[in-house]
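Okay, so here's the structure we're looking at.
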Amino acid sequence: MLNQTVLPDYRLPLFEALRERYGAGLVITCGDESPPSGLRSCTHARRVATVRENVGVLGRRLVWQRGLVEDARRTPLLITEFNMRAPSTWAALAERHARGLPTVLWGHSRGRTRAFEPLRRWMLRRADGFITYTNTQAEAIRRECPWLSVRTAPNAVMWQRDCWLHEGTDDDAWDILFVGRLIIAKKPLLLLRAFAEAAPLLPPRARLVFVGDGPERAGLHSEASRLGVGGRVHFHGHEADVEELRRLYGRTVISVSPGYVGLSATQSFAFGVPMLVAAEEAHSPELEACVEGISARFFTSGDAADLAHLLVDSYEHRDALLRGRRSLSEWTSSRYSLDRMVQTFEETIEDFMSPLQRECAAT
4 MLNQTVLPDY RLPLFEALRE RYGAGLVITC GDESPPSGLR SCTHARRVAT
54 VRENVGVLGR RLVWQRGLVE DARRTPLLIT EFNMRAPSTW AALAERHARG
104 LPTVLWGHSR GRTRAFEPLR RWMLRRADGF ITYTNTQAEA IRRECPWLSV
154 RTAPNAVMWQ RDCWLHEGTD DDAWDILFVG RLIIAKKPLL LLRAFAEAAP
204 LLPPRARLVF VGDGPERAGL HSEASRLGVG GRVHFHGHEA DVEELRRLYG
254 RTVISVSPGY VGLSATQSFA FGVPMLVAAE EAHSPELEAC VEGISARFFT
304 SGDAADLAHL LVDSYEHRDA LLRGRRSLSE WTSSRYSLDR MVQTFEETIE
354 DFMSPLQREC AAT
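Heads up, the sequence shown is in this note's numbering, so the first residue is 4 and it goes up one at a time.
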């Protein structure tokens, strides 16, 4: 059984591939919404998963997924998201540990706050395996918890077959791209102000394109007008279609992560577009893919002037950035792909299920 708090659209291809591989033998469950974050499962989640009700607990700071504990009692192997804000996961993990049933945790190996550290250690002591998103996290977990079977499933949103460039010309590529939720933590306003500062020094065709939705969108639109760059800022909205994303990145010189880095980094690199990254943020593990001089350049966090300087510099070296697209895309496809994620999950399932199947056959 494979469980997540919610099933976003970018995770659907992974679950579809595992469903195709194992058929009805693999039970997939998820919740409808995560009250702490407000994230919801995508509209197509029911194609591969049983969608349960998620209930907010303690003023929506925690989440209880109805049916998870009951489902977990019936499955020989549980692979579940390492969500320290989900008491239903705590309960399922504790019961399975007491009954000697294997549980594999999957996700970021540490939270953004140390407040959950005692709970984190409690959960790890009751788990049998861990699937991390990066090799760095895998090495750390192996040192900390030598009893765990640890594997890496690079957090990816692209198949290797899709890691190729838009078939346009270099003359199409003039944009600066932000992909992600328009929330304060992602700092889209910082990028907008840096763009406004850099705009007089950028080519007239240079635009800032926001791909994503969120509560900051209206304020960003107003601020762009106030700063006098409204005509050069475009709000595309959320986009999940890979071909449309390929077209958007094909029109891009550089992408930017003004706040913490997430999945948009490996997505950008898969399409051959390097990224400007804030240096001092509570980054997600995808930071591992941001290598100075290969895939990324770093600016001082919160410093619009420093970011503006790198925007201008990116256009001064535009030709070199465009020439390097193919090699960056190939570098990414060999390291961060859905193919590798699927392989890791298949290996984990086979490793844990084979002993269980042998034990059942002997009894």
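Just so you know, even glycine gets a beta-carbon here, dropped at the ideal spot from N, CA and C. Here the structure is a predicted model, which is why all the values come from computation and not from measurement.
Burial check for residue 47: the Cβ neighbour count within 10 Å stays below 16, so the residue is exposed.
For residue 281, there is no enclosing alpha helix (DSSP H); the residue is part of the beta strand (DSSP E) that begins and ends at 278 to 281.
Residue 93: member of the alpha helix (DSSP H) spanning 90 to 102, first to last residue.
In this structure, residue 38 keeps its C-beta atom at 8 Å or more from the C-beta atom of residue 72. Contact check for residue 340 and residue 125: beta-carbon distance about 34 Å, past the 8 Å limit, so the pair fails to qualify. As DSSP reads the structure, residue 188 sits in no beta bridge. Under the 10 Å beta carbon count, residue 178 is surrounded by 16 or more other beta carbons and is classified as buried. In the displayed model, residue 336 falls within a helix according to three-state DSSP. Residue state for residue 297 is assigned as coil, using DSSP reduced to three classes. Put simply, of 338, 111 and 170 the residue whose alpha carbon is nearest the alpha carbon of residue 143 is 111.
Taking the Cβ atoms as the reference, residue 347 lies roughly 5 Å from residue 154, within the contact range of under 8 Å.
Inter-segment contact for the region 328 to 338 and the region 208 to 217 is absent: fewer than three beta-carbon pairs are separated by less than 8 Å. By a beta-carbon distance limit of 8 Å, residue 263 contacts residue 188. Their separation comes to about 7 Å. Cα atoms of residue 269 and residue 296: separation of roughly 15 Å, rounded to the nearest angstrom. One thing to note: residue 96 has its Cβ no nearer than 8 Å to the Cβ of residue 197.
Below 8 Å, enough C-beta pairs join the region 133 to 141 and the region 277 to 295 to call them touching: three or more. Here residue 178 carries a strand assignment [DSSP, helix/strand/coil]. Taking all protein chains in view, the Cβ of residue 320 is surrounded by fewer than 16 other Cβ atoms within 10 Å, so the residue is classified as exposed. The beta-carbon separation of residue 132 and residue 151, rounded to 6 Å, stays under the 8 Å limit for a contact. With fewer than 16 other beta carbons inside 10 angstroms of its own, residue 61 counts as exposed. In the assembly as shown, residue 29 is a buried residue. Its beta-carbon has 16 or more other beta-carbons within 10 Å.
Taking each of 332, 18, 285 and 208 in turn and checking the Cα distance to residue 32, the smallest one comes out for 18.
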